[in-house]
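Line by line, the protein sequences are chains Y and S. All residue numbers for the first sequence refer to our numbering, where the first residue is 1 and numbers rise by one. All residue numbers for the second sequence refer to our numbering, where the first residue is 1 and numbers rise by one. Scroll down for the structure; my scribbles are underneath it.
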Amino acid sequence: MKEQERFEPRIIGFLCNWCAYTGADLAGVSRMKSAPNVRVLRLMCSGRVDPTFVLRAFQLGADGVLVAGCHPGDCHYQEGNYKALRRTLLLKRVLRQFGIDERRLRLEWISASEGEKFARVANEFTEEIRALGPLELTAALETGPALELEEVRA
Amino acid sequence: MITVNINGVERQVPEGTTILQAARALDVSIPTLCYHPWLKPFGACRICTVQVQRPRGYELLTACNTPCEEGMVIRTDTDNVRQARRVVLELMLARWPNVPVLQQLAAELGVEKPRFRSEFCDEDPEACILCLRCVRICEEVVGASAIGYEDRGIKRRVVTPFNRESEACVACGACAQVCLTHHIKFEPEDYRGKPPEFLLGPNTAIFIPTPQAVPKVPRIDPEACIHFKTNGCQKCVEVCEAKAVNHEMTDQEIEIEVGQILLATGYELFDASVMSQYGYGRLDNVYSALDIERMLNATGPTGGRVLLKNGQPPRAVAIIHCVGSRDENYQRYCSRVCCMYALKFAHLIKERCPEAEVYDFYIDMRAFGKGYEEFYSRVLHEGTNVIRGKVAEVVQAGWSKQDEGTLLVRCEDTLIGRFREIPVDMVILCNAIVPQRDAERVARLFGLSRSPDGFFLERHPKLDPVATSTDGLFVAGCAQGPKDIPDSVAQASAAAARMLATIAKGVVEIDPVRAEINEEFCSGCRVCNALCPYSAIEYLADKNVSRVNSALCKGCGTCVAACPAGAITGYGFNDRQIQAELEGLLAVR
Numbered sequence: 001m002k003e004q005e006r007f008e009p010r011i012i013g014f015l016c017n018w019c020a021y022t023g024a025d026l027a028g029v030s031r032m033k034s035a036p037n038v039r040v041l042r043l044m045c046s047g048r049v050d051p052t053f054v055l056r057a058f059q060l061g062a063d064g065v066l067v068a069g070c071h072p073g074d075c076h077y078q079e080g081n082y083k084a085l086r087r088t089l090l091l092k093r094v095l096r097q098f099g100i101d102e103r104r105l106r107l108e109w110i111s112a113s114e115g116e117k118f119a120r121v122a123n124e125f126t127e128e129i130r131a132l133g134p135l136e137l138t139a140a141l142e143t144g145p146a147l148e149l150e151e152v153r154a
Numbered sequence: 001m002i003t004v005n006i007n008g009v010e011r012q013v014p015e016g017t018t019i020l021q022a023a024r025a026l027d028v029s030i031p032t033l034c035y036h037p038w039l040k041p042f043g044a045c046r047i048c049t050v051q052v053q054r055p056r057g058y059e060l061l062t063a064c065n066t067p068c069e070e071g072m073v074i075r076t077d078t079d080n081v082r083q084a085r086r087v088v089l090e091l092m093l094a095r096w097p098n099v100p101v102l103q104q105l106a107a108e109l110g111v112e113k114p115r116f117r118s119e120f121c122d123e124d125p126e127a128c129i130l131c132l133r134c135v136r137i138c139e140e141v142v143g144a145s146a147i148g149y150e151d152r153g154i155k156r157r158v159v160t161p162f163n164r165e166s167e168a169c170v171a172c173g174a175c176a177q178v179c180l181t182h183h184i185k186f187e188p189e190d191y192r193g194k195p196p197e198f199l200l201g202p203n204t205a206i207f208i209p210t211p212q213a214v215p216k217v218p219r220i221d222p223e224a225c226i227h228f229k230t231n232g233c234q235k236c237v238e239v240c241e242a243k244a245v246n247h248e249m250t251d252q253e254i255e256i257e258v259g260q261i262l263l264a265t266g267y268e269l270f271d272a273s274v275m276s277q278y279g280y281g282r283l284d285n286v287y288s289a290l291d292i293e294r295m296l297n298a299t300g301p302t303g304g305r306v307l308l309k310n311g312q313p314p315r316a317v318a319i320i321h322c323v324g325s326r327d328e329n330y331q332r333y334c335s336r337v338c339c340m341y342a343l344k345f346a347h348l349i350k351e352r353c354p355e356a357e358v359y360d361f362y363i364d365m366r367a368f369g370k371g372y373e374e375f376y377s378r379v380l381h382e383g384t385n386v387i388r389g390k391v392a393e394v395v396q397a398g399w400s401k402q403d404e405g406t407l408l409v410r411c412e413d414t415l416i417g418r419f420r421e422i423p424v425d426m427v428i429l430c431n432a433i434v435p436q437r438d439a440e441r442v443a444r445l446f447g448l449s450r451s452p453d454g455f456f457l458e459r460h461p462k463l464d465p466v467a468t469s470t471d472g473l474f475v476a477g478c479a480q481g482p483k484d485i486p487d488s489v490a491q492a493s494a495a496a497a498r499m500l501a502t503i504a505k506g507v508v509e510i511d512p513v514r515a516e517i518n519e520e521f522c523s524g525c526r527v528c529n530a531l532c533p534y535s536a537i538e539y540l541a542d543k544n545v546s547r548v549n550s551a552l553c554k555g556c557g558t559c560v561a562a563c564p565a566g567a568i569t570g571y572g573f574n575d576r577q578i579q580a581e582l583e584g585l586l587a588v589r
């Protein structure tokens, strides 16, 4: 396969401000190479990741979503990452019902000092999504009025 | 008070005073063997015999256990007394002819050779003379009763129960301490593995840690103190006139409400015994940097002299840099301070032992600070041998033909490209600075992050090097990373100034990132109430809505994501902002 034709997945990375985002920053200032496919969206806490954000990202054309927060017990807000864990596990089941491979959603614990881990996760996840191929949305999620955002939340 | 007359001198003494105590108060010497001021009078040896005048003649009594009586007339220097003491001593010498304390007393009393012979003669100079001070101190003072005596008369012996290793023994050494003949010996344990102040030479169970200790008060080591083992002893309580010794004292938890905290929890020294090739903890005269720091201290155990374990000054000293630091197997980082203190050691050893050769083994010499490079060249001019190369191992050099040194340092000298073996007397290891072993627990407690090397992480290495990711929490010194004293002082001053600035301002600015509940949309389901880790959401029962206390809210947004009605807005990160960000991020392929 020629270089131009290679599938470049678009991945949204929801990173918490205190651990994962700082870790990603560290990877950057340490000049580590990581896949540019992860498009970072900073939140204060992984607990802020509303499941609708993930669905919306897929709807808008993301091929994968990475949610990264602090290691268990290290959350800046004490337990936001546990909430993220619970929601992610539930959301994976919902994704299946939408016909989205649950591997396209990944939850990782990355501490502020783990720049190297961020780079590794970004690279691994990019390769994994690349292998899965582009996300093909079912018509329902793409256009269906029954799945307008507000309804998904309700 | 009663009046006694000793050798013609009248003296008032309190009632219950023994003749021996009264005599000693008058500087009248009475020889003793089994007597010990801490113990109850025993009267076993009879050497303290004195003469007490009675209405009809006199009586010979032991001074140690006879209380004074009103008007008692006591003589300690008559021929009768001397004769009695001589007989006692002759009998003892017959049995233990070579014991130095007895020989010394014999010389004082003019006994040349005992007239008697004993079938049980023991010629050992360290024979037990059955004063039983050991048995009594173990019972009366220590409270362990780990030793006793068996049999009677000529067969009496000091033994442990059933002649086995006594389980009651607390290894305090008191018995050996009071033994007159060194019959009981106490071999102190190896002090390695204890805190630095113990490392060089033995210490007592109650001690002032260092002469510069703050607060400068003695402390009790409960692991070494006899009282904590047997409930006995407490001799320190008896002698303390200020009544300041308290064995019941326990750790107290004191709660203090504060608004800001400076974490300056320092560092720990890398345990060099892990690197067995350097022999720390295994070979004599291999020291860690802190051991040597203690030895070089004028108030240290050697008074600042550099000495080997045998008390001699060293002829050659090796200083090994980067022990456990800049090492892929242990710590990858540079400990920063070692090069300079190693040069300081070289300088001080040259000063205190001008004859000694000093070898300094380094990987790279990092003289990075103000005046440091100048100090390095000064040390070079003083004749320190600096060798660029990492030491492979330190071994015992017992086979050395000229007996030039007791240790052998093997290394590669990378500047001349040769393998070298250098005989030395003393090896000093420059251990890496490592995080405190409870750093992880402390980090969890304060909600801090740690850098990959385990030290506490500052908020930003350049823009905010003293703050942490938690508001009001600052970090300074080696808790944040290895650094020398000037750097620690600078960082701590900066942190203190930052804290004072907040105090001076009188108000705390909080991030605008907060959650707010729109009461029109809130259904009062209370899902958010339980989610908030700060209990910042209160439920208003009268209105059937929840409300965020914005002073408590930290803005994590967990409740925002969970609200089934979408009634909560997270300022700074509201749904619309994030959706817009998503759209923007995914707008380009």
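For every residue, glycine included, the Cβ atom is placed at its ideal position computed from N, Cα and C. Values in this document were obtained by computation on a predicted structure and should not be read as measured data.
What Val38/Y touches in chain S, judged by beta-carbon distance under 8 Å, is nothing: the nearest beta carbon there is about 10 Å away.
The region 219-286 of chain S contains, as complete beta strand (DSSP E) runs of 3+ residues, the segments 261-263 and 267-269 (chain order). Residues of the region 546-564 of chain S with a C-beta less than 8 Å from any C-beta of chain Y: Lys554, Gly555, Cys556, Gly557, Thr558, Val560, Ala561, Ala562 and Pro564, listed in chain order. When secondary structure is reduced to three states using DSSP, Met365/S falls in the coil class, being assigned neither helix nor strand. Only residues of its own chain outside the window of five on either side were considered, and among them Ile206, Phe207 and Ile208 have a CB closer than 7 Å to the CB of Pro218/S, listed in chain order. The residues Cys34, Phe42, Ala44, Tyr149 and Val158, in chain order, have a CB closer than 8 Å to that of Leu132/S in the same chain once the five nearest residues on each side in sequence are set aside. About 20 Å separates the beta carbons of Lys33/Y and Ala112/Y, which is beyond the 8 Å limit, so they are not a contact pair.
Taking 7 Å as the cut-off between beta carbons, the residues of the region 437-458 of chain S near chain Y are Arg444, Gly447, Ser449, Arg450, Ser451, Pro452 and Leu457, in sequence order.
Contact annotation for Gln480/S against chain Y: no contact, minimum CB-CB distance about 13 Å [criterion: below 7 Å]. When the five nearest sequence neighbours on each side are left out, the beta carbons in the same chain lying within less than 6 Å of the beta carbon of Ala495/S are those of Leu262, Val466, Phe474 and Ala476, in order along the chain. When DSSP states are grouped into helix, strand and coil, His36/S belongs to the coil group. Given a length threshold of 3 residues, each whole run of the beta strand (DSSP E) inside the region 446-530 of chain S is given here in chain order: 473-475 and 515-517. Under a criterion of Cβ atoms nearer than 8 Å, the residues of chain S adjacent to Ala57/Y are, in order, Leu582 and Leu586.
Residues of the same chain with a CB within less than 7 Å of the CB of Arg117/S, apart from the 5 flanking positions on each side, are Ala94 in chain order. Nearest to Tyr333/S by alpha-carbon distance, out of Ile319/S, Ser451/S and Asp271/S, is Ser451/S. Look at Phe345/S here: in three-state DSSP terms it is helix.
Scanning Leu130/S, Ser166/S, Ile137/S and Pro161/S for the CA closest to the CA of Arg152/S turns up Leu130/S. Note that the region 443-457 of chain S does not touch the region 301-311 of chain S; fewer than 3 beta-carbon pairs, one per stretch, sit closer than 8 Å. Pro435/S is bridged by DSSP to Tyr267/S.
Within the same chain, and ignoring the five residues on either side of Arg130/Y in sequence, the residues whose Cβ sits closer than 6 Å to its Cβ are Phe7 and Pro9. Here Asn518/S has Ala567, Ile568 and Thr569 as same chain residues with Cβ atoms under 8 Å from its own Cβ, once five neighbours each way along the sequence are excluded. Judged by DSSP in its simplified three-state form, Arg117/S adopts coil rather than helix or strand.
Unbroken alpha helix (DSSP H) runs of no fewer than 4 residues, entirely contained in the region 24-97 of chain S, are found at 79-95, following chain order.
Bounds of any alpha helix (DSSP H) do not take in Thr3/S; it lies within the beta strand (DSSP E) bounded by Ile2 to Ile6. With a 10 Å radius around the Cβ and a threshold of 16 neighbouring Cβ atoms, Ser325/S comes out buried.
For the pair Ala272/S and Asn431/S, the CB atoms are nearer than the 8 Å cut-off. Taking 8 Å as the CB threshold, Val409/S stays off the interface with chain Y. Leu380/S: member of the alpha helix (DSSP H) spanning Tyr372 to His381, first to last residue. Less than 8 Å separates the beta-carbon of Ala346/S from that of Thr384/S. Excluding its 5 nearest sequence neighbours in each direction, Leu307/S has C-beta neighbours in its own chain below 7 Å: Pro313, listed in chain order. The region 9-28 of chain S makes no contact with the region 89-106 of chain S, as fewer than three CB pairs between them are under 8 Å.
Interface flag for Asp327/S against chain Y is unset, since no Cβ pair is found closer than 8 Å.
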